[in-house]
Amino acid sequence: MKLAVASGKGGTGKTMVAANLAFTLSRTEPVTLVDCDVEEPDLNLFFSGSATTTDVTVPVPVIDDASCDRCGKCGEFCQYGALTVLRDRVLFFPELCHSCGGCTLVCPKRAIHEEPKRIGTLSVSAPLPGLNLISGLLDTGSSRTVPIIRAIKERANNDPLVICDSAPGTSCPVVETLDGCDACILVTESTPFGLHDLRLAVDVTARLGVPAGIVINRSDGKDEATVRFCIDHDLEILMTIPFSREIAAIQSRGDLLCQVRPEWQKDFSALAAKCKSLAGVEE
Ligand code: SF4
Ligand code: SF4
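Residue numbers (my numbering): 4 to 286.
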């Protein structure tokens, strides 16, 4: 099963849910936790340990000026504006390139070949028995989040139980994280902003055909609007975590709630069972 943990907005406690869920599950079965928030990975704050790190690269075109006759075909082809053909040279803007490989194919002079360009890193560690952590980190100055998310998810492809902690929001990195997942936990908080962004996130999961359930975090007991929204949209509330200074303090120390307060493992085990049911996985 591949499970995503996402949220329409940042700061809802999504990573806390993913970390505690993975920790609890890893006590009974092997779990791979994938940190797909490659611009700001933070699961390593909960799970320290030495990691093996490798580069993530994408192919980018390199133009051989001696073979190029400035025919303009590559510039016409590139829909991303990454190539501009001038009278005496071809300008390449790597930050706009999506590595589609098309310019290499359309060049009649075979003046373009591809070379790898580093955009970030992939790290693998085993912080606990039964738990593997795979993280991606985007290089400063790069904007190519999607290929890094694809690379870290591919690394976990053959693992039986994968939990992908998504970036917040509803943009391309979230869509890439959700792609191929069997179910998604959407973590929200019962505020007007929380509900607004939950609507957007629910819309994305529905369009991608990923079954979603809701975790209400930091509940102050006034969850009526969120509950009404879930009933109206046939969304199961998988878990409600109360607002608690103690939980906030545990979290701020980088500790795991389920480790400091083992009684919470029962709640996260129940959450895992509901997620498996949502994904159609038999226990
Ligand atoms: S298509 Fe090839 S030959 Fe034409 S301008 Fe581009 S690199 Fe040069
Ligand atoms: S690889 Fe694709 S996106 Fe990149 S420059 Fe060539 S045509 Fe444009």
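We put the beta carbon where it would ideally sit given N, CA and C, even for glycine.
Residue i - DSSP class collapsed to helix/strand/coil
{"i": "E118", "result": "strand"}
{"i": "N220", "result": "strand"}
{"i": "F232", "result": "helix"}
{"i": "S126", "result": "strand"}
{"i": "P195", "result": "helix"}
{"i": "P294", "result": "No answer is possible for residue 294: the residues shown for the chain start at 4 and end at 286."}
{"i": "V34", "result": "strand"}
{"i": "C71", "result": "coil"}
{"i": "N23", "result": "helix"}
{"i": "C184", "result": "coil"}
{"i": "T18", "result": "helix"}
{"i": "K5", "result": "strand"}
{"i": "C167", "result": "strand"}
{"i": "T148", "result": "helix"}
{"i": "E157", "result": "helix"}
{"i": "S138", "result": "strand"}
{"i": "A251", "result": "helix"}
{"i": "L260", "result": "helix"}
{"i": "P245", "result": "strand"}
{"i": "L89", "result": "coil"}
Check whether residue i and residue j have beta carbons under 7 Å apart
{"i": "C100", "j": "F80", "result": "no"}
{"i": "L141", "j": "I155", "result": "no"}
{"i": "G133", "j": "P33", "result": "yes"}
{"i": "G144", "j": "L125", "result": "no"}
{"i": "L198", "j": "A228", "result": "yes"}
{"i": "I188", "j": "V63", "result": "no"}
{"i": "F246", "j": "C261", "result": "no"}
{"i": "C167", "j": "C278", "result": "no"}
{"i": "V190", "j": "V65", "result": "no"}
{"i": "K17", "j": "D72", "result": "no"}
{"i": "L164", "j": "F50", "result": "no"}
{"i": "M4", "j": "D185", "result": "yes"}
{"i": "L131", "j": "S29", "result": "yes"}
{"i": "P119", "j": "T60", "result": "yes"}
{"i": "T180", "j": "V207", "result": "no"}
{"i": "S193", "j": "D235", "result": "no"}
Alpha carbon of residue i to alpha carbon of residue j, nearest angstrom
{"i": "A209", "j": "A215", "result": "8 Å"}
{"i": "T243", "j": "E157", "result": "32 Å"}
{"i": "N23", "j": "L89", "result": "55 Å"}
{"i": "Y83", "j": "A170", "result": "24 Å"}
{"i": "K76", "j": "L274", "result": "55 Å"}
{"i": "S255", "j": "I115", "result": "51 Å"}
{"i": "S128", "j": "R121", "result": "21 Å"}
{"i": "G13", "j": "S70", "result": "50 Å"}
{"i": "I250", "j": "D258", "result": "10 Å"}
{"i": "E266", "j": "G104", "result": "53 Å"}
{"i": "V218", "j": "R248", "result": "19 Å"}
{"i": "R147", "j": "N47", "result": "21 Å"}
{"i": "V230", "j": "E117", "result": "52 Å"}
{"i": "T87", "j": "G78", "result": "5 Å"}
{"i": "F232", "j": "L6", "result": "23 Å"}
{"i": "D58", "j": "G224", "result": "46 Å"}
{"i": "G212", "j": "V41", "result": "24 Å"}
{"i": "V205", "j": "L281", "result": "15 Å"}
{"i": "D200", "j": "T15", "result": "11 Å"}
Environment of residue i [buried if 16+ CB atoms lie within 10 Å]
{"i": "G11", "result": "buried"}
{"i": "L36", "result": "buried"}
{"i": "L94", "result": "exposed"}
{"i": "L108", "result": "exposed"}
{"i": "L238", "result": "buried"}
{"i": "A252", "result": "exposed"}
{"i": "R221", "result": "buried"}
{"i": "F26", "result": "buried"}
{"i": "C175", "result": "exposed"}
{"i": "A159", "result": "buried"}
{"i": "P44", "result": "buried"}
{"i": "G123", "result": "buried"}
CB contact below 7 Å: residue i versus chain C
{"i": "E179", "result": "The chain labelled as chain C is not found in the depicted structure, where only one protein chain is given."}
Hey, which residues come within less than 6 Å of ligand 2, measuring from Cβ to any heavy atom, in chain order?
P64, F80, C81, Y83, A85, L86, C100, H101, S102, C103, G104, G105, C106
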